[in-house]
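Visitor: In my numbering, the protein residues as written are 18 to 254.
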Amino acid sequence: MGQKTNPIGNRLGIIRGWESNWYGGNDYGDKLAEDDKIRKYIHARLSKASVSRVIIERTLKLVTVTITTARPGIIIGKGGQEVDKLKEELKKITGKEVQLNIFEIKRPELDAHLVAASIARQIESRISYRRAIKMAIAAAMRMNAEGIKVQISGRLNGAEMARSEHYKEGRIPLSTFRADIDYALVEAHTTYGRLGVKVWIMKGEVYGKRELSPLVGLSKQKGKGGRGGNKNQRRRK
Numbered sequence: 018m019g020q021k022t023n024p025i026g027n028r029l030g031i032i033r034g035w036e037s038n039w040y041g042g043n044d045y046g047d048k049l050a051e052d053d054k055i056r057k058y059i060h061a062r063l064s065k066a067s068v069s070r071v072i073i074e075r076t077l078k079l080v081t082v083t084i085t086t087a088r089p090g091i092i093i094g095k096g097g098q099e100v101d102k103l104k105e106e107l108k109k110i111t112g113k114e115v116q117l118n119i120f121e122i123k124r125p126e127l128d129a130h131l132v133a134a135s136i137a138r139q140i141e142s143r144i145s146y147r148r149a150i151k152m153a154i155a156a157a158m159r160m161n162a163e164g165i166k167v168q169i170s171g172r173l174n175g176a177e178m179a180r181s182e183h184y185k186e187g188r189i190p191l192s193t194f195r196a197d198i199d200y201a202l203v204e205a206h207t208t209y210g211r212l213g214v215k216v217w218i219m220k221g222e223v224y225g226k227r228e229l230s231p232l233v234g235l236s237k238q239k240g241k242g243g244r245g246g247n248k249n250q251r252r253r254k
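#1: Suppose the cutoff is 7 Å on Cβ atoms and the five residues either side in sequence are ignored; what does the same chain contact list for Glu141 look like?
#2: Please confirm whether Glu177 and Gly221 have their CB atoms less than 9 Å apart.
#3: May I ask you to report which of helix, strand or coil DSSP gives Lys191?
#4: Given a threshold of 16 other Cβ atoms within 10 Å of its Cβ, counted over all protein chains shown, does Tyr45 qualify as buried or as exposed?
#5: Can you tell me whether Leu49 is helix, strand or coil according to DSSP?
#6: Count the other CB atoms within 10 Å of the CB of Asn118; is the residue buried (16 or more) or exposed (fewer)?
#7: Can you say whether Glu228 is buried or exposed, counting buried as having 16 or more other CB atoms within 10 angstroms of its CB?
#8: Quickly, what does DSSP pair Thr208 with across the bridge? List them, please.
#9: State yes or no: is the C-beta of Thr83 within less than 9 Å of the C-beta of Ile72?
#10: Thinking C-alpha only, which one of Pro89, Ile189, Ser170 and Lys65 is nearest Arg180?
#11: Can you list, in chain order, the residues of its chain whose CB lies under 8 Å from that of Arg253, leaving out five sequence neighbours each side?
#12: Where Ala137 and Asn174 are concerned, what is the direct C-alpha to C-alpha distance, given to the nearest angstrom?
#13: Taking all protein chains shown into account, do 16 or more other C-beta atoms lie within 10 angstroms of the C-beta of Ala61, making it buried, or fewer, making it exposed?
#14: Drop a sphere of 10 angstroms on the beta-carbon of Gly245, count the other beta-carbons inside from all chains shown, and report buried for 16 or more, exposed for fewer.
#15: Helix, strand or coil: which one does DSSP assign to Leu258?
#16: Helix, strand or coil, according to DSSP, for Ala66 in the structure here?
#17: Pick out whichever of Trp39, Val68, Ile31 and Ala87 has its Cα sitting closest to the Cα of Lys17.
#18: Closest to Arg211 by C-alpha separation, out of Pro125, Leu202, Glu121 and Glu74, would be which residue?
#19: Could you check what DSSP says for Ile122 in three-state terms: helix, strand or coil?
#20: In whole angstroms, what separates the C-alpha of Ala153 from that of Val216?
#21: Along the chain, which unbroken stretches of the alpha helix (DSSP H) at least 4 residues long are found entirely within the region 64-116?
#22: Among the residues of its own chain, which have a CB less than 7 Å from the CB of Gly243, if the five just before and after it don't count?
#23: Restricting to Cα atoms, I'd like to know which of Lys54, Ile32 and Tyr146 is closest to Leu107.
#24: If you compare alpha carbons, which of Gly213, Ile122, Gly41 and Ala66 is closest to Gln168?
#25: Any idea what DSSP makes of Ile136, helix, strand or coil?
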């Protein structure tokens with residue numbers, strides 16, 4: 018089972034937390050669709066800010082949006098101007114007050130979404146996919162990842178027939194629920210069509226109790242308008 022399912026969804030409630038936190042009744046479908054709209058808007062609006070995850074929490078009158086990024090300065094802007102603009106734009110989408118939190122990813126080489134997005138961007142820039150993948154694997158292993166696996170699928174190098182290739186270093190125990198495995202799928206758009214880039218990164222194993230928040234190990238950026246706070250320290254195993 019572990020080989021077939023999404024490793025993040027397979028660990029929800031065990032060592033991973035949900036990225037949407039709210040209760041819904043008859044409007045459950047509307048809230049879910051709105052969450053998807055918010056995430057797509059943020060990723061499109063902040064395409065150059067290395068955004069990884071968007072965590073959404075809801076109360077009756079407030080929507081709290083937490084963005085994890087490797088480049089928080091681009092989102093915050095000079096004096097917080099850019100983040101204030103983004104809050105107003107999200108307020109129009111939700112129709113409610115929006116609190117925006119920015120968390121910095123200190124080691125982007127170990128974030129599956131950022132690694133997959135980096136490989137996809139290089140492929141779109143006509144860099145050899147093998148070179149891009151090998152560089153990403155080497156960078157992750159230098160940052161003490163226990164394992165990394167990359168799969169790329171599609172018309173590689175413009176071949177007539179689509180195929181898949183796998184590259185792996187270290188271990189990726191997908192059937193071990195205590196294994197802290199990050200996963201992401203990103204598409205690269207080329208002149209020959211779309212290529213799918215999947216990345217699995219094994220960060221270690223979790224023993225005992227662990228906070229289920231997706232923000233474990235990230236540091237909150239100081240600022241105004243709900244962006245301030247103390248740094249969260251990663252709980253070591």
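Where is the CB? At the ideal position from N, CA and C, for every residue including glycine.
Guide: Taking the definition as stated:
#1: The sequence position of residue 141 within the sequence shown is 124, counting from 1. Excluding positions up to five away in sequence, the list reads Ala205, His206 and Thr207.
#2: Here residue 177 corresponds to residue number 160 of the sequence shown, with the count starting at 1. Here residue 221 corresponds to residue number 204 of the sequence shown, with the count starting at 1. Contact flag unset, no.
#3: Against the sequence shown, residue 191 aligns to sequence position 174. Here residue 191 turns out to be Leu, not Lys, going by the sequence shown. Reduced to three states, the DSSP call for Leu191 is coil.
#4: If you number the sequence shown from 1, residue 45 lands on position 28. Exposed, since its Cβ has fewer than 16 Cβ neighbours within 10 Å.
#5: Indexing the sequence shown from 1 puts residue 49 at position 32. In the three-state DSSP reduction, Leu49 falls in the helix class (H, G or I).
#6: Sequence index remark: in the sequence shown, residue 118 carries index 101 (1-based). The residue is buried, with at least 16 neighbouring Cβ atoms inside 10 Å.
#7: Counting from one through the sequence shown, the residue named residue 228 turns up at place 211. When all chains shown are included, Glu228 counts as exposed.
#8: Along the sequence shown, read from residue 1 onward, the residue named residue 208 stands at position 191. As computed with DSSP, Thr208 is found in no beta bridge at all.
#9: In the sequence shown, counting from the first residue as 1, residue 83 sits at position 66. In the sequence shown, counting from the first residue as 1, residue 72 sits at position 55. Yes, Cβ-Cβ distance for Thr83 and Ile72 is below 9 Å.
#10: Within the sequence shown, the letter at position 163 stands for residue 180. Looking at the Cα atoms, Ser170 is the closest of the given residues.
#11: Here the question's residue 253 lines up with position 236 in the sequence shown. With a pLDDT of 39 at Arg253, under the threshold of 50, the modelled position of that residue is not reliable, and the figure given next carries that caveat. No residues qualify anywhere along the chain.
#12: Indexing the sequence shown from 1 puts residue 137 at position 120. Indexing the sequence shown from 1 puts residue 174 at position 157. Per the coordinates, the alpha-carbon of Ala137 lies some 13 Å from the alpha-carbon of Asn174.
#13: Stepping through the sequence shown from its first residue, residue 61 is reached at position 44. Classification for Ala61: exposed.
#14: Position 228 of the sequence shown holds residue 245. Only weak support exists for where Gly245 lies, its pLDDT of 40 falling under 50; the value from the coordinates is given anyway. Flag for Gly245 reads exposed.
#15: Because the chain is modelled from 18 through 254, residue 258 falls outside the range shown and cannot be assessed.
#16: Locating residue 66 in the sequence shown gives position 49, counting from the first residue. Correct three-state label for Ala66: coil.
#17: Residue 17 falls outside the range modelled here, since the chain spans only 18 to 254, and no answer is possible.
#18: Here residue 211 refers to the residue found at position 194 when the sequence shown is read from its first residue. Of the candidates Pro125, Leu202, Glu121 and Glu74, the one whose C-alpha sits nearest the C-alpha of Arg211 is Leu202.
#19: Residue mapping note: residue 122 aligns to position 105 of the sequence shown, counting from 1. Looking at Ile122 - three-state DSSP - the assignment turns out to be coil, as it is neither helix nor strand.
#20: Locating residue 153 in the sequence shown gives position 136, counting from the first residue. Locating residue 216 in the sequence shown gives position 199, counting from the first residue. So the two alpha carbons sit approximately 10 Å from each other.
#21: 89-93 and 98-111
#22: To locate residue 243, count along the sequence shown from 1; it is residue 226. A caution first: Gly243 carries a pLDDT of 44, below 50, which makes its placement in the model too unreliable to give a value.
#23: Stepping through the sequence shown from its first residue, residue 107 is reached at position 90. That would be Lys54, whose Cα lies nearest to the Cα of Leu107.
#24: Here the question's residue 168 lines up with position 151 in the sequence shown. Distance check between Gln168 and each of Gly213, Ile122, Gly41 and Ala66 places Gly213 closest, using alpha-carbon atoms only.
#25: The residue labelled residue 136 in the question sits at position 119 within the sequence shown. In the structure shown, Ile136 sits in a helix (DSSP, three-state: H, G or I).
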